[in-house]
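In what follows, a structure is listed as structure tokens, so that the remarks can point back to it.
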Amino acid sequence: MVLRFSVCAGRRPRHEQVADDVPWRVVDVFVTEGEVCIGRRPGCGIELPFPQVSAAHARILRGDGGYRVEDLGSANGTWLGDRRLSSGAPWPIASGDILDLAGVHVRFDGELTSHADAAKETTETLARRLMHDVFSACPPGEPIRLVGVDGPGAGRTLALSALDRSMTVGRGDGCDLVLRDEDVSREHAAFERSTAGVLVRDLGSKNGVSVQGHVLDTVRRLRDGDHVRVGQTTFRFDDPEDRYLRQVQDAVGEGAAAVAVAGDAQIPGVFARQATSANPPQREWLPAVATAVGVLVLLWLAVLVLALAFG
């Protein structure tokens, strides 16, 4: 059985329709145990890489002739329309219904009639595409780029700002980054950025391309911090989108806050939302109690002064 969902990282108030210019990312989930978990934890059927989403936030269940959604005790709640779902109480959900999970929208598109219709999107690439959507809305100060750290190309940079365009590194004048190095072929390596990340491939060079010390024999997706060697030059790959995604995934426990820094710029904060509850936290009465105690102390002191003055 395959269930289709569409995910939108563009936060909107629950009563407003999501704007047409905000992309929906489609993900198809193969269901083997009758449920789909939605949350921040890697391995969830739908992984939402945002710190305000709980590790296991909600789940979709099949039963009683239809589907139900259940909040799993999330910190910021699960909303279906204007209804906040009670933890542990499954509620009916129909095709087309949109869930709000701490500002991230998940639309339930229903069951596919054929596995052949399933999309190629995986939960890992979904998480990366959602991160791309966030950074596109609030660009960080640091671009995705290659930075030369050693060899003839030390200090040279190649900004990978264009999507779906192959950018070449080589000795030829027509390359996007020209390296004057006899160990580099005229067209040595190509780097292509998409919403799912950056791929590197060898263009049939004489001396090859290595990533993290391993010679490429196929196309490889780069991760933030990877070292790529072309000829005698070593490049460091900087990718703030991948860096932030990994910080969220590596955060341990519900109380862990993701480090919101990319270079010198703060990660987009459009998703920051304080934990809310149907019932106000008990700590909220403490300021009122403190004020009342202060007033009583002042009254007691006033009575004491008057007693001493007229006693």
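So that you can map any letter, position 270 of the sequence shown is 270 in this note's numbering, and since no number is skipped, the others follow by simple counting. We treat Cβ as the ideally placed atom computed from N, Cα and C, and that holds for glycine.
Quiz item: Opposite residue 60 in the DSSP bridges: which residues?
Solution: 36 and 69
Practice problem: Output the boundary residues of the beta strand (DSSP E) element that contains residue 210. | Solution: Unbroken beta strand (DSSP E) run through residue 210: 209–211.
Self-check item: Range covered by the beta strand (DSSP E) that runs through residue 145
Solution: Segment 145–150, the beta strand (DSSP E) holding residue 145.
Quiz item: From the DSSP output, which residues share a beta bridge with residue 91?
Solution: 69
Quiz item: Under 9 Å, do residue 208 and residue 216 count as touching if we go by C-beta distance?
Solution: Closer than 9 Å, so yes.
Exercise. For residue 95, count neighbouring Cβ atoms within 10 angstroms of its own Cβ and tell me buried if that reaches 16, exposed if not.
Key: exposed
Practice problem: Please name the residue in 180, 231 and 165 whose C-alpha comes closest to that of residue 172. | Solution: Looking at the Cα atoms, 180 is the closest of the given residues.
Quiz item: Is the region 154–164 touching the region 28–36, taking contact as three or more C-beta pairs under 8 Å?
Solution: no
Quiz item: Using the beta-carbon count (16 or more within 10 Å), is residue 229 buried or exposed?
Solution: When all chains shown are included, residue 229 counts as buried.
Quiz item: Between residue 148 and the rest of its own chain, which residues show a CB-CB distance below 6 Å, the 5 nearest in sequence each way excluded?
Solution: Scanning its chain for C-beta atoms nearer than 6 Å, with the 5 sequence neighbours on each side dropped, one finds around residue 148 the residues 154, 155, 156, 233 and 235, in chain order.
Practice problem: State the DSSP-derived secondary structure class of residue 192, mapped to helix, strand or coil. | Solution: strand
Self-check item: Nonlocal neighbours in the same chain, by C-beta distance under 7 Å from residue 109, ignoring five residues either side
Solution: The beta carbon of residue 109 is closer than 7 Å to those of 4, 5, 6 and 95 in its chain, skipping five residues each way along the sequence.
Self-check item: Neighbourhood of residue 167 by C-beta distance below 6 Å, restricted to the same chain and skipping five residues each side
Solution: 176 and 191
Practice problem: Tell me whether the beta-carbon of residue 212 lies closer than 9 Å to the beta-carbon of residue 202. | Solution: no
Practice problem: Counting only runs of 3+ residues fully inside the region 152–192, write out the beta strand (DSSP E) ranges in chain order. | Solution: 157–159 and 166–170
Quiz prompt | Residues that DSSP places opposite residue 50 in a beta bridge | solution = Answer by DSSP bridge pairing: none, since residue 50 is not bridged.
Quiz item: Does residue 69 come within less than 9 Å of chain D when only Cβ atoms are used?
Solution: Here there is only one protein chain, and chain D is not present.
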